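S.K.:
Protein chains in written order, with the numbering used here: chain A, 500 to 613; chain B, 6 to 118.
#1: For residue 582 of chain A, which of helix, strand or coil comes out of DSSP?
#2: With a 10 Å radius around its C-beta and 16 neighbouring C-beta atoms as the bar for buried, classify residue 40 of chain B as buried or exposed.
#3: Find the residues of chain B that neighbour residue 547 of chain A, judging by a C-beta separation of less than 7 Å, and give them in chain order.
#4: With a threshold of 9 Å between beta-carbons, can residue 60 of chain B be considered close to chain A, or not?
#5: For residue 598 of chain A, return the contacting residues in chain B, with the cut-off set at a CB-CB distance below 7 Å.
#6: State the DSSP-derived secondary structure class of residue 29 of chain B, mapped to helix, strand or coil.
#7: Measuring only the C-alpha atoms, how far is residue 586 of chain A from residue 601 of chain A?
#8: Between the segment 26 to 48 of chain B and chain A, which residues of the former have a C-beta closer than 9 Å to a C-beta of the latter?
#9: Quick one: does residue 69 of chain B have its CB under 9 Å from some CB of chain A?
#10: Using a threshold of 9 Å, state whether the C-beta atoms of residue 110 of chain B and residue 11 of chain B are closer than that.
#11: Grouping DSSP H, G and I as helix and E and B as strand, with all else coil, what is residue 568 of chain A?
#12: Report yes or no: is there a C-beta of chain B within less than 9 Å of the C-beta of residue 558 of chain A?
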């Protein structure tokens, strides 16, 4: 199957680093994504990583991929109150016959406290 | 447009009624997707269009759900005889090509009373 699992909640102090973890089961995943969802809003693409990469850095965001363990993480440096949101991990797995499907985790709710 | 747009943003209807939800993808994107997001869950795939045709409708829960994309741009998700269990946020996404990064709209929150 194409299960994606994430921890449900994370509380972090403003200014600290946040680390959100995700595991997936589909070894055919080509790209892995992190999306952010604020209350009442749609999903905002934060960053993504190609499956043959180990790490990607984009300003305050660092994505680490351990393909052997099928583990993905998102680190947010200097977490701000505006980072409070739900973060979704998603993998774009190959399903055969030139078909790809994006599968999401249940989301990690990040709360930034002063 | 600059991004994916969806209308209406909120829809309240009564059990048994028919509803239509509209999605306007990013200009030039050939692939369009509909997802359903229930409270506390991630988005779940419903249907995918490549151009005008529904290339994969395996996620539609039953035959009360139907979607069209007649000119390969705007898409409409149609739900007949709505049930309370249909209440959710319906998200639309588009991508340039099939396996490319998907960009999401703000969603339509459907409430069936």
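Using N, Cα and C, we set each Cβ at its ideal position, and we do this for glycine too. This structure is a prediction, so every number in the text was calculated from the model and none was measured.
M.R.: Let me lay it out:
#1: helix
#2: buried
#3: 106
#4: yes
#5: 61
#6: strand
#7: 15 Å
#8: 38, 40, 42, 45, 46, 47 and 48
#9: no
#10: yes
#11: coil
#12: no
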